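> The listed protein sequences correspond, in order, to chains C and Z. At position 115 of the first sequence (counting the first as 1) the number is 144 in the working numbering, and the numbers step up by one without a gap. At position 18 of the second sequence (counting the first as 1) the number is 0 in the working numbering, and the numbers step up by one without a gap. Even for Gly, the Cβ is constructed at its ideal location relative to N, Cα and C. None of the values given here were measured: they were computed from a predicted structure.
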Amino acid sequence: DTFIGAIYAHTPVIGSRETGKIITREQALEAVKPNLAVYEEQTRIAKSQNADIIVFPEYGLYGFGTTRDSVVPYMEYIPDPQSESWNPCLDPRQSKPTDNVILKTLSCIAKNSSIYLVANLGDYQYCEPAQDPECPDDKRYQYNTNVVFDPQGALIARYHKQKLFMSEIVRYDVPTSPEYITFNTPFGKFGTFVCFDILFKEPAVDLVTEYKVNHILFPTAWMNVYPFFSAVSFHSAWAYGMGVNFLSANIHRPRNRNVGSGVYGYNGIKEYTMDHEAPNGELKLATLESRPSPKTIQHTKLENLGNTSREFVSDLFGDKFNFVSLKEYEGTISVCHNAVCCSATYKRTGNSHNELYAIGAFDGLHTKEGTYYLQICTLLKCATDEPESCGSKVTDSKTIFEHFTLKGNFSTQHIFPMVVLDKAEPSINDWEYSDGPTLSSN
Amino acid sequence: SLQKPLLTAAMFGRWYEMDQLFGQRPKTT
């Protein structure tokens, strides 16, 4: 009824590569080799601790900093496992137009440790403009791709990223339609997608609601933005909100704010790592239920959330939230923005009144690094005692809340609850989320 | 109960149907 999931927060070894410089295939394989060695070692360690499946990060094998042309030597042609069976370790045939050294190595790592293995690399698909009007001028599609190998080393899943993040568009192509990639194991049904895909419905949400997967495999290269877009908080909130287990492997590059990986259960965080000081990543394992049965929360629309006049407006990651500050030690306050109204009932301890807190509401189209519609209710600490700092990055707090309850009248059923504590640590299983929707804690 | 000072509590809602109403921003670099 259970299995052990593992993630490795890998720091890609990329050497002194120059951005945009085109290297040979041999040089690319030399560059990838130390990363594959880490994958092999960590897989062996995970298996020694009885892991059934291990996930490695997006861009884990060769890092960023490539262009459409300079990423080519790192890529391999990845056949569609839905149309042909292939075990690269047992059958390392040449797959034109590329060799398959990386796929073979990954396959053998999975086979030698008898474990499901998930990795991310570039897929090179040849095309002919005469037969395919969509075929790019350079006669190839390039995809940001997740691959999954079974414990025998067979390639069983291939997923092409649908929602490329900003400058990724110069490197990779977008599939013509979202791919819904699932596979069954003795411990449940899995789906997979990549990084920025998590913000959108297709395929992320539909994998859960339409394809009924139990678990998500999530290679990512996530750059933390506080307060909401911090990797562990955001990804675990999605797992909780969707009612699935979620294995998230982020690359570990603290200088670039790429920190935060974990194994998240449908009912709370199981294990996570977000050490900003550690030079290298970390392996994390946790036992998960094979077939989660999350409680169903009906989001009835709330009425009468009280006084709704805004006090001030402040920017939170490009969005203008309406805020009302917490002036008393305890009380009930509310704020609205467009159709969303939020209400908070709270009580602080007496010695923590000098830090500014506010409740905020946002209902609108977010457009900063992508375009997607948000409805948010939040109770947060402001960065300073100035109102315009509310929504800016802050990671430290001294204020103890004896209790709080946050309610909102959302128009959507897709709500992801999160609670973040001092030092930006996610809170684990010490809050409740219930009908309303209502987020509360003592 | 919470074991540490609170930094942020949030309910982060995504209204996917509204994405389609507004459409996706053209892809840029």
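Check for me: the beta strand (DSSP E) holding residue 169 of chain C runs from which residue to which?
Per DSSP, residue 169 of chain C belongs to the beta strand (DSSP E) from 169 to 178.
> Among C:356, C:376, C:375 and C:351, whose alpha-carbon lies nearest the alpha-carbon of residue 367 of chain C?
Here the closest residue by C-alpha is C:351.
> Is the shortest distance between the beta-carbon of residue 430 of chain C and the beta-carbons of chain Z less than 8 Å?
With 8 Å as the cut-off, residue 430 of chain C counts as an interface residue toward chain Z.
> Show which residues of chain Z have a CB atom less than 9 Å away from the CB atom of residue 411 of chain C.
Under the 9 Å cutoff, chain Z gives no residues; its nearest Cβ is about 11 Å from residue 411 of chain C.
> Restricting to Cα atoms, I'd like to know which of C:375, C:423, C:40 and C:348 is closest to residue 400 of chain C.
When only C-alpha atoms are compared, the closest one is C:348.
> What is the residue span of the alpha helix (DSSP H) that residue 429 of chain C lies within?
From DSSP, residue 429 of chain C is part of no alpha helix (DSSP H); its letter is neither H nor E.
> Over the uninterrupted alpha helix (DSSP H) stretch that includes residue 137 of chain C, give me the two end residues.
Looking at the DSSP string, the run of the alpha helix (DSSP H) that includes residue 137 of chain C is 130 to 142.
> Return the CA-CA distance between residue 345 of chain C and residue 414 of chain C, expressed in angstroms with no decimal places.
Each residue's alpha carbon lies about 16 Å from the other.
> Are the CB atoms of residue -8 of chain Z and residue 104 of chain C nearer to each other than 8 Å?
No; because the gap between Cβ atoms is not below 8 Å, this pair is not in contact.
> Between residue 320 of chain C and residue 243 of chain C, what straight-line distance do the alpha-carbon atoms span, to the nearest angstrom?
About 6 Å.
> DSSP on residue 221 of chain C, reduced to helix/strand/coil?
Here residue 221 of chain C sits in strand by DSSP.
> Under 8 Å by Cβ, that's how I've got residue 185 of chain C and residue 212 of chain C pegged, so tell me the actual separation to the nearest angstrom.
The pair is a contact, with the Cβ atoms about 5 Å apart (cut-off 8 Å).
> May I ask which residues mark the beginning and end of the beta strand (DSSP E) holding residue 30 of chain C?
Here residue 30 of chain C belongs to no beta strand (DSSP E), and DSSP marks it neither H nor E.
> With residue 73 of chain C as the anchor, note down where its beta strand (DSSP E) starts and where it stops.
Where residue 73 of chain C is concerned, there is no enclosing beta strand (DSSP E), although the alpha helix (DSSP H) it sits in stretches over 54 to 77.
> Does the Cβ-Cβ distance between residue 153 of chain C and residue 453 of chain C come in under 8 Å?
Taking 8 Å as the Cβ cut-off, residue 153 of chain C and residue 453 of chain C do not qualify as a contacting pair.
> Answer yes or no: does any C-beta atom of chain Z fall closer than 8 Å to that of residue 230 of chain C?
So, interface residue.
> Given residue 137 of chain C, which residues of its chain have a CB within under 7 Å of its CB, disregarding the five upstream and five downstream residues?
If we look at residue 137 of chain C and ignore the five residues flanking it on each side, its Cβ neighbours are 118 and 182.
> Pairs of beta-carbons, one from the segment 60 to 77 of chain C and one from the segment 353 to 365 of chain C, closer than 8 Å: are there three or more?
They do not touch, by the three-pair rule.
> List, in order along the chain, the chain Z residues whose C-beta lies closer than 7 Å to that of residue 427 of chain C?
Simply -13.
> Chain Z partners of residue 454 of chain C, CB-CB under 8 Å?
Here the neighbours are -14.
> Considering Cα atoms alone, identify which of C:372, C:232, C:56 and C:31 is closest to residue 82 of chain C.
Among C:372, C:232, C:56 and C:31, the Cα nearest to that of residue 82 of chain C belongs to C:31.
> To the nearest angstrom, report how far apart residue 363 of chain C and residue 193 of chain C are at their CA atoms.
Taking the straight line joining both Cα atoms gives about 37 Å.
> Are residue 264 of chain C and residue 227 of chain C touching if we call contact CB-CB under 8 Å?
In contact: residue 264 of chain C and residue 227 of chain C (Cβ atoms closer than 8 Å).
> So, do the segment 85 to 96 of chain C and the segment 39 to 58 of chain C have three or more beta carbon pairs nearer to each other than 8 Å?
Segments in contact, yes.
> Report yes if the C-beta of residue 374 of chain C is less than 7 Å from at least one heavy atom of the ligand PLP; otherwise report no.
As presented, the structure is devoid of all ligands, the ligand PLP included, so that no description of it is given.
> Leaving out five residues on either side along the sequence, give the residues of the same chain with a beta carbon under 7 Å from the beta carbon of residue 49 of chain C.
Cβ within range, chain order: 96 and 99.
> On the criterion of 16 or more Cβ atoms from any shown chain inside 10 Å, does residue 379 of chain C qualify as buried, or is it exposed?
Its Cβ having fewer than 16 others within 10 Å, residue 379 of chain C is exposed.
> Give the secondary structure of residue 97 of chain C by DSSP, where H, G and I count as helix, E and B as strand, and everything else as coil.
Three-state DSSP puts residue 97 of chain C in coil, outside helix and strand.
> Tell me the rounded alpha-carbon separation between residue 9 of chain Z and residue 199 of chain C.
The predicted position of residue 9 of chain Z is uncertain, since its pLDDT is 43 and thus under 50; a value taken from the coordinates is nonetheless stated next. Spanning the two alpha carbons is a distance of roughly 10 Å.
> When the Cα atoms are used, what is the spatial distance from residue 6 of chain C to residue 239 of chain C?
Because chain C in this structure spans residues 30 to 471, residue 6 of chain C falls outside the shown range and cannot be described.
> Hey, out of C:270, C:257, C:284 and C:290, whose CA is closest to residue 247 of chain C's CA?
For residue 247 of chain C, the nearest C-alpha among the options comes from C:290.
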